[in-house]
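Residue numbers (the working numbering): 12 to 311.
Each residue gets a CB set at the ideal place from its N, CA and C atoms; glycine is no exception.
As the structure is a computational prediction, the values presented were derived from the model and not from experiment.
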């Protein structure tokens, strides 16, 4: 059964009201402005008449879970979007994806477990909404953003059955024919970024990978955040009991390690995302290099 139904309206509105402070902080970090957020009343959403919040160019975010998605849109006409958001570079794309993750954690009910996050600029919000194939029970919560004397609506709609197509619809002309249709992708976590046009060719996307490469990206590996490590004698470990304190040499001001499959890949700092714990990455750690001697071929 899909998560996003008509009965979901009260829960999502309550979650939005509880998460406005965290959402405002996430927007400030990503989009360089700190808004006051007022949550409006949830109501039905008509994709054929989406309203001003889903017209013209703007920023589009999607949080997918259990076959459907919540979509957030901020029109360019609001005047709140920074200039770089229209054509983000690699760092900008990561920033927008992080924004989608943080807004999903702040504004969605705690029992929603997102499968994937998509984010990027959109030339036609209404066209993207039409491509999203919203369910008949779709709904929307208007989020009023106020910055000084400017205000805009950052609308949150749920019930998109094909969020991937909303981003694939950004491709125009013959380039779109080079990619398979949206329904050719079997899993929601196979979403990929759409292409950005310009003088520089776009980087390879998920669709450009060979089959074995796609299968590698589906492998699940354990992701561990390590606070600190130390060695203790077995005798002290067996004496541990509820209330025992273990002191580490690491300062509480130091960064935390992110390990993937027992390999340290990044460092970061602890953050609070809604009522959950998160890690904001501050630096990446390159894997250690290994060198092997190359022996010359022996002639017989």
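DSSP three-state assignment for residue i, whether helix, strand or coil
i           : result
residue 8   : Given that the chain is displayed from residue 12 to residue 311, the structure contains no residue 8 and the question cannot be resolved.
residue 220 : coil
residue 293 : strand
residue 113 : helix
residue 124 : coil
residue 93  : coil
residue 66  : coil
residue 107 : helix
residue 227 : helix
residue 249 : helix
residue 53  : coil
residue 132 : strand
residue 142 : helix
residue 278 : strand
Within 8 Å, strictly: CB atoms of residue i and residue j
i           : j           : result
residue 153 : residue 51  : yes
residue 64  : residue 164 : yes
residue 334 : residue 56  : Only positions 12 to 311 of the chain appear in this structure, which leaves residue 334 out of reach.
residue 8   : residue 67  : Outside the shown range of the chain (12 to 311) lies residue 8, about which nothing can therefore be said.
residue 53  : residue 118 : no
residue 264 : residue 237 : no
residue 143 : residue 171 : yes
residue 93  : residue 156 : no
residue 99  : residue 107 : yes
residue 293 : residue 279 : yes
residue 116 : residue 284 : yes
residue 174 : residue 245 : no
Residue i at chain B interface by Cβ criterion, 8 Å
i          : result
residue 89 : Within the model displayed, chain B is absent; a lone protein chain is all it includes.
Continuous beta strand (DSSP E) stretch holding residue i: start and end
i           : result
residue 167 : 166-171
residue 148 : 145-152
residue 28  : Looking at the DSSP string, residue 28 is not in any beta strand (DSSP E); the run it does join, the alpha helix (DSSP H), is 19-29.
residue 257 : First-last for residue 257: undefined, no H or E at that position.
residue 86  : 79-86
residue 237 : 234-237
residue 267 : 267-271
Spatially closest choice to residue i from the options, by CA coordinates
i           : options               : result
residue 276 : 226, 233 and 105      : 233
residue 166 : 151, 264, 175 and 178 : 151
residue 58  : 134, 146, 38 and 240  : 146
residue 287 : 25, 24 and 121        : 121
residue 281 : 273, 272, 291 and 140 : 291
residue 124 : 48, 229 and 79        : 79
residue 23  : 173, 149, 229 and 36  : 149
residue 134 : 220, 38, 97 and 224   : 97
residue 40  : 140, 220, 105 and 141 : 105
Sufficient close CB pairs (3 or more, under 8 Å) joining the region 254-266 to the region 86-94: no
Contact the region 94-114 vs the region 155-164: 3+ CB pairs below 8 Å: no
Three-pair Cβ contact test at 8 Å for the region 129-143 versus the region 72-79: yes
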